[in-house]
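Q: I'd like to ask you about the structure that follows.
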Amino acid sequence: MSEARTVTHPGSPAGIGPGVFARYAVWIALAAILLLLPYVFSSRLALSTMSLMGTMIVFALSYNMLLGQAGLLSFGHAVFFGLGGFFTVHLLNMAGAGGWPVPLPLFPVIGALGGLFFGVLFGAISTRRAGTAFAMITLGIGELVASSALILRRFFGGEEGITTDRTDVLAFFGYSFGPQLQVYYLIAAWCFVCIALMYAITRTPFGRICNAVRDNPQRAAFIGYDTSAVRFIAFSLSGLFAGVAGGLSAINFEIMNAAQMGAAESGTVILMTYIGGVGNFAGPIIGAILVTWLQLMLSDATKIWPLYVGLLFIGMVMFAPGGIAGLLATQAPVLAARKLHRVLPYYLLALVPGIVAVIGLSVLIETAHQFSIRASYGSELTLYSVPFDVTSPLPWLAGLILAAAGTWLFLRAARLARDAYDDAVSGGREA
Amino acid sequence: MLEILIISTLNGILYGMLLFLMASGLTVIFSMMGVLNLAHASFYMLGAFFGFEISRRLGFWPALVIAPVLVGLIGMVVERYGLRRVHRHGHVAELLFTFGLTFIIKEVVEMVWGKLPADYRVPPSLDFSAFTLFASSYPAFKLFVLLISVAIFLALLAVIRYTRIGLIVQAALSHPGMVGMLGHNVDRIFMLVFGVGVGLAAVAGVIAGPILVTQSNMAGLLGPILFVVVVVGGLGSLGGALVASLLIGLVQTFAVAFNVSLADLFGNSAAAAVLSVWLSDIWRVTVAQVAPILPYLLLVLILIFRPRGLMGTRDT
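Chains as they are written, first to last, in the numbering used here: chain E, 2 to 432; chain S, 5 to 320.
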């Protein structure tokens, strides 16, 4: 078959041995970044944030095996995350009590097996259909498991969840995994392995068939592939990696809760994956990092932060369906033509009114929020270190003007930027 | 026993008809546009909160008319400037758009009305007992809700059967492409159908608000059940939606009325003792506790034994 021909990119000099170092440069760089990050951000908060990001990267990438690679929109992916996590917690407790000779770094394997088992089970039901019906089925399964979890208290621990102690199990070459730094390295190692494995899967013939089933199921079936079997395998594998993420989360927080399998968690992974970009392997990585950071940063700044994340998501769906990775990928031809200096000023030109529009919008939203809770919290609000009264028309007017003017100027600048981009790209082709 | 049976049947039909008010709009929107509106329950919630706010200022009767119209208009704006834009990115993008909408509507509702339940009461003009059955009295408002939903169902049936617009909708259910070919302004029909569909959901919100709880999580609680109704009934079948709505309404109300667990059924035997160890929680759980998961169990069973749904005619 001509698999190898489709894999090679036009940009890379395939066939000429570029040397091991150049070939794996991205992976070596990734490993180096993961190793060195704690030296750059060494605070306790930064370490736990990065641990959470690592977990979420694995989770979002596993989700993209469905949405991006196989075109399956699932609304119940947190089920596998949660079940993997619960299996890990229970096994950790059993290992701790029984003194099993199993070190902590091997426990995410339990999560993987749990995720795989339920991926096979639920995949057998849901992957017979694709598209909207599949989405509804996963929604139903997600609700089924989440509400069953509240009934089966012995296994899921009811509202409080199940706790564990990661330091109870066998020490690993003297590492107890008590300090957050050691947990970070455990998560980073698993994150690296999972990224590499999931990338490898996209390069196999199976990964390519997934894409074929996504793009044109009829044709894939006509060639002779069983589309529902392909969807089933993709679904099971994606459950496996989600289970690893759940296991990592269980080790990181030492608690699993039924809420972690619910619709909210499934929604979060959709937001991460889509905002990052489903069409690009690196997209979910960017999305997981960005959304986790936004959640932490915005929740400090404002109570209604989910509204901002929701608006960002809707904006992405409407205007940039490729996500952030998609936006970055469209710059590749400009870079290849060495014309970045021609378009960059226009991007900056669009960025300034864009920021103004976002500030105006946030003024409007925050003022409206304070206005609606003024009965119990008063009408005073301090925004961008400017104190004002939300009952006066001034902040509303200011927000409206900033948002409207910013949007208008942004749209004009965006048009200029697009022209510059078209110029640079078409000029590059002629040269 | 007879009392429980009759009251539960009435409540079940009532709940089922409320579900159908929403499921009908959802089904028609899905059949015509191919979009499963994940935000449908959010529009129902908007209807309830608009109804609450308007009935506080103008009274319940104006609210019953104004709130659905307002929500319908919002729905049309969403369709015209949001969905239609996303349409060219494909079905997944449309689903994700409506999914994002659920986030935003929930947050906006929480921003304006807070997270606590709104004090949305039964209007005084309907706050009396309709009839007394055995020892318990049945509130008139519930009867009114039942009448309204049946009336809307009949009106909907009449519109679909006997009017020109209904004819086009019917044609679009089975041959969506052909309708456009015949020169109808499909865009405007889509906008209208979307508006009317979410307007119906809002009617359900206004009349269900006082008997169920009007709170910012009501969309999240009801939404998944609504999608179960649509899948169980068969995607795109109005008759199926009606049957599935009533089925799920009855199943849920009857399940709540029975407080029996497996342990109760088997009593104290040696086998029961063994089973209670092995099944632990499952052994002791009562039917009433299981009620919330029954619709989803039904969904899974239907998918295994009849993947097209009860009355589904076409695959998606």
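Built from N, CA and C at the ideal position, the CB exists for glycine as well.
These numbers were taken from a predicted model, which means no experiment stands behind them.
In chain order, what residues of the same chain lie with their CB nearer than 6 Å to the CB of I152 (chain S), ignoring the 5 residues before and after it?
A: To locate residue 152 (chain S), count along the second sequence from 1; it is residue 148. So the list reads I211, once near-sequence residues are dropped.
Q: Cβ closer than 9 Å: which chain S residues qualify as neighbours of F193 (chain E)?
A: If you number the first sequence from 1, residue 193 (chain E) lands on position 192. Ordered by position in chain S, no residue passes the 9 Å Cβ test against F193 (chain E), which lies about 30 Å from the chain.
Q: Would you say Y176 (chain E) lies against chain S (beta-carbon separation less than 8 Å)?
A: If you number the first sequence from 1, residue 176 (chain E) lands on position 175. Taking Cβ atoms only, chain S never reaches closer than 8 Å to Y176 (chain E), which makes this a no.
Q: Return the first residue and the last residue of the alpha helix (DSSP H) that V170 (chain E) is part of.
A: Position 169 of the first sequence, counted from the first residue, corresponds to residue 170 (chain E). Careful: V170 (chain E) lies outside any alpha helix (DSSP H) and carries neither H nor E.
Q: Run through chain S and tell me which residues come within less than 9 Å of G72 (chain E), C-beta to C-beta.
A: The count along the first sequence starts at 1 and reaches residue 72 (chain E) at position 71. Those are V96, listed as they occur along chain S.
Q: Does the beta-carbon distance from S267 (chain E) to F76 (chain E) come in below 8 Å?
A: Position 266 of the first sequence, counting from 1, holds the residue named residue 267 (chain E). Position 75 of the first sequence, counting from 1, holds the residue named residue 76 (chain E). Yes, Cβ-Cβ distance for S267 (chain E) and F76 (chain E) is below 8 Å.
Q: I'd like to know whether the C-beta of S267 (chain E) is nearer than 8 Å to at least one C-beta of chain S.
A: The residue labelled residue 267 (chain E) in the question sits at position 266 within the first sequence. It does not: the Cβ of S267 (chain E) has no partner Cβ on chain S nearer than 8 Å.
Q: Looking only at C-alpha atoms, which of S:N189, S:A292, S:P299, S:I252 sits nearest to M21 (chain S)?
A: Residue numbering aside, residue 21 (chain S) sits at position 17 when the second sequence is read from its first letter. Closest by alpha carbon: S:I252.
Q: Taking a Cβ distance cut-off of 7 Å, strictly less, list which residues of the region 85-100 of chain E are near chain S, in chain order.
A: Correct list: empty, as no residue qualifies.
Q: Indicate the three-state DSSP secondary structure (helix, strand or coil) for I17 (chain S) in the structure shown.
A: Translated into positions along the second sequence, residue 17 (chain S) becomes position 13. I17 (chain S): helix per DSSP, three-state reduction.
Q: Taking T383 (chain E) as part of the beta strand (DSSP E), name the residues at either end of that continuous run.
A: In the first sequence, residue 383 (chain E) corresponds to position 382, counting from 1. Element bounds for T383 (chain E): 381-384.
Q: I'd like to know whether the C-beta atoms of T168 (chain E) and V90 (chain E) end up nearer to each other than 8 Å.
A: Reading the first sequence from its first residue, position 167 is the one you call residue 168 (chain E). Reading the first sequence from its first residue, position 89 is the one you call residue 90 (chain E). No, they are not a contact pair.
Q: Would you say I308 (chain S) faces chain E, with C-beta separation under 8 Å as the test?
A: Residue mapping note: residue 308 (chain S) aligns to position 304 of the second sequence, counting from 1. Output row for I308 (chain S): interface = yes.
Q: Kindly indicate if chain S contains any beta-carbon less than 8 Å away from that of G407 (chain E).
A: Locating residue 407 (chain E) in the first sequence gives position 406, counting from the first residue. G407 (chain E) does not count as touching chain S.
Q: How many angstroms separate the CA atom of V289 (chain S) from the CA atom of I152 (chain E)?
A: Position 285 of the second sequence holds residue 289 (chain S). Position 151 of the first sequence holds residue 152 (chain E). Rounded to the nearest angstrom, the two C-alpha atoms are 7 Å apart.
Q: List, in order along the chain, the chain A residues whose C-beta lies closer than 8 Å to that of L145 (chain E)?
A: Within the model displayed, chain A is absent; protein chains E and S are what it includes.
Q: Per DSSP, which one or two residues make a beta bridge with V387 (chain E)?
A: Within the first sequence, the letter at position 386 stands for residue 387 (chain E). Per DSSP, E:L384.
Q: Do V344 (chain E) and A421 (chain E) have their C-beta atoms closer together than 8 Å?
A: To locate residue 344 (chain E), count along the first sequence from 1; it is residue 343. To locate residue 421 (chain E), count along the first sequence from 1; it is residue 420. It is a contact, given that the beta carbons lie within the stated cut-off.
Q: Looking at the C-beta of F314 (chain E), does it have a partner C-beta in chain S at a distance below 8 Å?
A: Within the first sequence, residue 314 (chain E) is the residue found at index 313, counting from 1. So yes, F314 (chain E) belongs to the interface.
Q: Assuming Y64 (chain E) is part of the alpha helix (DSSP H), what are its boundary residues?
A: In the first sequence, the residue the question calls residue 64 (chain E) occupies position 63. Taken as a continuous stretch (DSSP letters only), the alpha helix (DSSP H) holding Y64 (chain E) covers 45-65.
Q: Smallest Cα separation from P191 (chain E): which of E:V110, E:L117, E:Q70, E:N212?
A: In the first sequence, the residue the question calls residue 191 (chain E) occupies position 190. For the sequence presented, residue 191 (chain E) should be read as Trp rather than Pro. Among E:V110, E:L117, E:Q70, E:N212, the Cα nearest to that of W191 (chain E) belongs to E:V110.
Q: On the CB-based measure, 16 or more other CB atoms within 10 Å of its CB, does S133 (chain S) come out buried or exposed?
A: Looking up residue 133 (chain S) in the second sequence gives position 129. Classification for S133 (chain S): exposed.
Q: Excluding the five sequence neighbours on either side, which residues of its own chain have a C-beta within less than 6 Å of the C-beta of A43 (chain S), listed in chain order?
A: The residue labelled residue 43 (chain S) in the question sits at position 39 within the second sequence. If we look at A43 (chain S) and ignore the five residues flanking it on each side, its Cβ neighbours are T102, L105, T106.
Q: What residue range is occupied by the uninterrupted beta strand (DSSP E) comprising S141 (chain S)?
A: Counting from 1 along the second sequence, the entry for residue 141 (chain S) is found at position 137. Counting along the chain, the beta strand (DSSP E) containing S141 (chain S) begins and ends at 140-143.
Q: Quick check on this structure: which residue in S:V234, S:T257, S:Q256, S:A295 has the alpha carbon closest to the alpha carbon of G313 (chain S)?
A: As a position in the second sequence, residue 313 (chain S) is number 309, starting the count at 1. Closest option to G313 (chain S), Cα to Cα, is S:V234.
Q: DSSP three-state call for P346 (chain E): helix, strand or coil?
A: Here residue 346 (chain E) refers to the residue found at position 345 when the first sequence is read from its first residue. Correct three-state label for P346 (chain E): helix.
Q: Go to H95 (chain S), then tell me how far its alpha helix (DSSP H) extends in each direction, as first and last residue.
A: Position 91 of the second sequence, counted from the first residue, corresponds to residue 95 (chain S). From DSSP, the alpha helix (DSSP H) with H95 (chain S) extends over 95-117.
Q: Just checking my contact of L53 (chain E) with T293 (chain E) at CB under 8 Å: how many whole Å lie between their CB atoms?
A: The residue you call residue 53 (chain E) lines up with position 52 of the first sequence. The residue you call residue 293 (chain E) lines up with position 292 of the first sequence. Yes, they are in contact, since the Cβ atoms of L53 (chain E) and T293 (chain E) sit about 6 Å apart, within 8 Å.
Q: At which residues does the alpha helix (DSSP H) containing F231 (chain S) begin and terminate?
A: For the purposes of this step, residue 231 (chain S) is taken as the residue at position 227 of the second sequence. Per DSSP, F231 (chain S) belongs to the alpha helix (DSSP H) from 222-237.
Q: Across which residues does DSSP place S133 (chain S) in a beta bridge pair?
A: For the purposes of this step, residue 133 (chain S) is taken as the residue at position 129 of the second sequence. Partner(s): S:P143.
Q: In angstroms, rounded to a whole number, what distance separates the CA positions of L23 (chain S) and T218 (chain S)?
A: What you label residue 23 (chain S) is simply residue 19 of the second sequence in a count that begins at 1. What you label residue 218 (chain S) is simply residue 214 of the second sequence in a count that begins at 1. Computed Cα separation, rounded: 16 Å.
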